[in-house]
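In the numbering used here, each residue's number is its place in the sequence shown (first place is 1) plus 1.
The beta-carbon is built from N, C-alpha and C at its ideal position, and this holds for glycine as well.
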Amino acid sequence: MNNLILLGSTGSIGSQVLEVIDFIDDNWNIEVLTANKSVDKITEQALKYKPGYVVMTDPKSAEQVRLNLQDQKIKVLSGTKELNEIVKLDNIDLVINGLVGAVGLIPTLNTLNKGVKLGLANKESLVIGGHLVQERLKEYNKGEDILLPIDSEHNAIFRLLKAHEKKELKNIILTASGGPFCHKSYHDLKKVSIKDALNHPNWEMGNKITIDSATMMNKGLEVIEAHWLFDIDYDKIDVVIHPQSIIHSMIELIDHSIYAEMSLPDMKMPIQYVLEYPRVKEGIGQKLNLIKQAKLEFFEPDYKKFECLQLAYQAGRKGGSFPVVLNAANEVAVAKFLEEKIEFLEIPKIIKKALNSHRHIKKPDIETIIEIDSWTREYVEEVV
Ligand SMILES: NC(=O)c1ccc[n+]([C@@H]2O[C@H](COP(=O)([O-])OP(=O)(O)OC[C@H]3O[C@@H](n4cnc5c(N)ncnc54)[C@H](OP(=O)(O)O)[C@@H]3O)[C@@H](O)[C@H]2O)c1
């Protein structure tokens, strides 16, 4: 049996991890499930998978889950500290980080510190603490892949790079669906509703990443994620809009050949790849029919319409503490948009204001990252 810790089990990624585990076989023992406030969902999951531990960040929700599971042999823990520490359990084969937001960073670092394999969906970890993650990977350096990306684009590039040497690589090309507003003008974006922004054409995901896809901040965060994951310069990371979401990303070699990874848009495929790694087995996902698909299109992103993408490139290039501010300002601005406190086009304006009000720190340590994250959240609250 392989022991798994699943962080964020009630989310879109977390639920799909459990679906894939149901499909592949019974070789996985789920040792830990975690959530913030989704009491009913985690109770249902705990009754089905019988983990040793459930961690709820929100204390009131933890109380409720404790009551629900009182006749089970499951320890219910509560709080962010417990979430950060739970990945230090012994005899764990894989941690999957499906948390959303900056809260994912410390569990990511603690997992890598322990030398345990990490399936990473939580891109925010790399956006705000990429340099710390990279340090951990260099220290680990046992020649095995300890960090396996779940984000479909990075999973695609990871797979493509397996077949080529780094010195042969010219560029990586991240594809982006363009989200629900791909074909709208900047003017049209002035009056979009929450419902419009949550209506993603190709992917069903959590609310935060769906809004990030509508602003294209998601792609911006992924550019920074790719920079750290593949140790590649920003000038060598391109973004191309590909509305069909069939090509998940591409690599271009120095001889100008381009390799693409293609499949129907379904997160269960990269999740299964990470669970089975390094083997590839019969897939849970549907087969792509190229004849039916017929059309694959590519466009250049409109950086004026999708200002968040531009801000992310700028923050990534400046590095240090700027991506921390970018990420925290975005998290709060997206939450405010979902609470109908700000308009869609105010999201990039607020992020820009926060970035302009921040004094750069070159290589923030974990405490400094936490401080800057809190400062930014307070700053954006005030601005709103
Ligand atoms: N969804 C996708 O298809 C997809 C694709 C690629 C990458 N990703 C990345 O994967 C990550 C997860 O995305 P998602 O769409 O699965 O998000 P989601 O559906 O919102 O789920 C997030 C999970 O994190 C938990 N959580 C939220 N806030 C928390 C906090 N303060 N403390 C502890 N736990 C907390 C949630 O618990 P509750 O249920 O209790 O709120 C839930 O289990 C993100 O970084 C996203 O960018 C997602």
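Task: From Phe182, His155, Asp234, residue whose alpha carbon lies closest to that of Phe307 - done: To locate residue 307, count along the sequence shown from 1; it is residue 306. Of the candidates Phe182, His155, Asp234, the one whose C-alpha sits nearest the C-alpha of Phe307 is Phe182.
- [ ] With a 10 Å radius around its C-beta and 16 neighbouring C-beta atoms as the bar for buried, classify Phe299 as buried or exposed.
- [x] Position 298 of the sequence shown holds residue 299. It counts as exposed.
TODO: Flag this pair as yes or no: are the beta carbons of Leu8 and Asn111 separated by less than 8 angstroms?
DONE: Working through the sequence shown from its first residue, we reach residue 8 at position 7. Working through the sequence shown from its first residue, we reach residue 111 at position 110. Contact flag unset, no.
Open item on the list: Please tell me whether Ala227 and His132 are closer than 8 angstroms, where the distance is taken between their beta carbons.
Closed with: For the purposes of this step, residue 227 is identified with residue 226 of the sequence shown, where counting begins at 1. For the purposes of this step, residue 132 is identified with residue 131 of the sequence shown, where counting begins at 1. Against a cut-off of 8 angstroms, the Cβ pair of His132 and Ala227 comes out as no contact.
Task: Per DSSP, cross-strand counterpart(s) of Lys118 - done: Locating residue 118 in the sequence shown gives position 117, counting from the first residue. For Lys118, which the question treats as bridged, DSSP gives the partners Leu95.
Open item on the list: Quick check: Lys38 and Ser62, are their CB atoms within less than 8 angstroms of each other?
Closed with: Position 37 of the sequence shown, counted from the first residue, corresponds to residue 38. Position 61 of the sequence shown, counted from the first residue, corresponds to residue 62. Yes. Within cutoff.
- [ ] With hydrogens ignored, establish whether the beta-carbon of Asp152 is closer than 7 angstroms to any heavy atom of ligand 1.
- [x] Here the question's residue 152 lines up with position 151 in the sequence shown. Answer for Asp152: yes, Cβ within range of ligand 1.
Open item on the list: When you compare the CB positions of Lys171 and Glu253, do they come within less than 8 angstroms of one another, or not?
Closed with: Looking up residue 171 in the sequence shown gives position 170. Looking up residue 253 in the sequence shown gives position 252. It is a contact, given that the beta carbons lie within the stated cut-off.
Open item on the list: Is Val335 a contact residue of ligand 1, with contact defined as CB to any heavy atom under 7 angstroms?
Closed with: Taking the sequence shown and counting its residues from 1, one reaches residue 335 at position 334. Not so, every heavy atom of ligand 1 lies at least 7 angstroms from the Cβ.
- [ ] Would you mind sorting Ile364 into buried or exposed? The rule is 16 or more other CB atoms within 10 Å of its CB.
- [x] Stepping through the sequence shown from its first residue, residue 364 is reached at position 363. Checking the displayed sequence, the identity of residue 364 turns out to be Lys instead of Ile. With a 10 Å radius around the Cβ and a threshold of 16 neighbouring Cβ atoms, Lys364 comes out exposed.
- [ ] Report all residues from its chain with a CB closer than 6 angstroms to the CB of Val193; omit the five preceding and five following residues, and keep chain order.
- [x] Mapped onto the sequence shown, residue 193 falls at position 192. Cβ within range, chain order: Phe345.
Open item on the list: Can you give me the C-alpha to C-alpha distance between His197 and Val325, rounded to a whole angstrom?
Closed with: For the purposes of this step, residue 197 is taken as residue 196 along the sequence shown, with counting starting at 1. For the purposes of this step, residue 325 is taken as residue 324 along the sequence shown, with counting starting at 1. Reading off the sequence, residue 197 comes out as Asp, not His. In a straight line, the C-alpha of Asp197 is about 28 angstroms away from that of Val325.
Task: Limits of the unbroken alpha helix (DSSP H) element including Trp376 - done: Taking the first residue of the sequence shown as 1, we reach residue 376 at position 375. Element bounds for Trp376: 367 to 384.
Task: CA-to-CA distance, Lys124 to Leu222, given in whole angstroms - done: Residue numbering aside, residue 222 sits at position 221 when the sequence shown is read from its first letter. Residue numbering aside, residue 124 sits at position 123 when the sequence shown is read from its first letter. The straight-line gap from Cα to Cα measures roughly 7 angstroms.
Task: Member of Lys293, Asn290, Arg360, Gln294 whose CA lies at the smallest distance from the CA of Phe417 - done: Summary: the structure shown does not reach residue 417, with the chain confined to residues 2 through 385, and so no result is reported for it.
Task: Reference Lys118, options Lys353, Glu145, Ser13, Lys139, closest by Cα - done: By one-based count along the sequence shown, residue 118 stands at place 117. When each option's Cα is compared against that of Lys118, the closest is Glu145.
- [ ] Check whether the Cβ atoms of Pro244 and Gly286 lie closer than 8 angstroms to each other.
- [x] The count along the sequence shown starts at 1 and reaches residue 244 at position 243. The count along the sequence shown starts at 1 and reaches residue 286 at position 285. Their beta carbons are not under 8 angstroms apart, which means Pro244 does not touch Gly286 by this criterion.
Task: Ile174, enclosing beta strand (DSSP E) - first and last residue - done: What you label residue 174 is simply residue 173 of the sequence shown in a count that begins at 1. Under the DSSP assignment, Ile174 falls in the beta strand (DSSP E) whose first and last residues are 170 to 177.
Open item on the list: Tell me which residues share the same chain as Gly317 and place their Cβ nearer than 7 angstroms to its Cβ, disregarding the 5 neighbours each side in the sequence.
Closed with: Residue numbering aside, residue 317 sits at position 316 when the sequence shown is read from its first letter. Closer than 7 angstroms at Cβ, skipping near neighbours: Val224, Ile225, His228, Tyr235, Pro324.
- [ ] Pull up the distance between the alpha-carbon of Ala36 and that of Met57, whole angstroms please.
- [x] Taking the first residue of the sequence shown as position 1, residue 36 is located at position 35. Taking the first residue of the sequence shown as position 1, residue 57 is located at position 56. Answer to the nearest angstrom: the Cα atoms are 5 angstroms apart.
Open item on the list: Quick check on the burial criterion: 16 or more other C-beta atoms within 10 angstroms. Buried or exposed for Ile247?
Closed with: Here residue 247 refers to the residue found at position 246 of the sequence shown. That one is buried.
Task: Residue of Thr377, Glu372, Ile343 minimising C-alpha distance to Leu356 - done: Working through the sequence shown from its first residue, we reach residue 356 at position 355. Leu356 has its Cα closest to that of Thr377, out of Thr377, Glu372, Ile343.
Open item on the list: Can you determine whether any heavy atom of ligand 1 sits closer than 7 angstroms to the C-beta of Val101, and answer yes or no?
Closed with: Within the sequence shown, numbered from 1, the residue matching residue 101 stands at position 100. Within the cutoff, so yes.
- [ ] For Ala157, verify whether its CB is less than 7 angstroms away from any heavy atom of ligand 1.
- [x] Residue mapping note: residue 157 aligns to position 156 of the sequence shown, counting from 1. Not under cutoff, so the answer is no.
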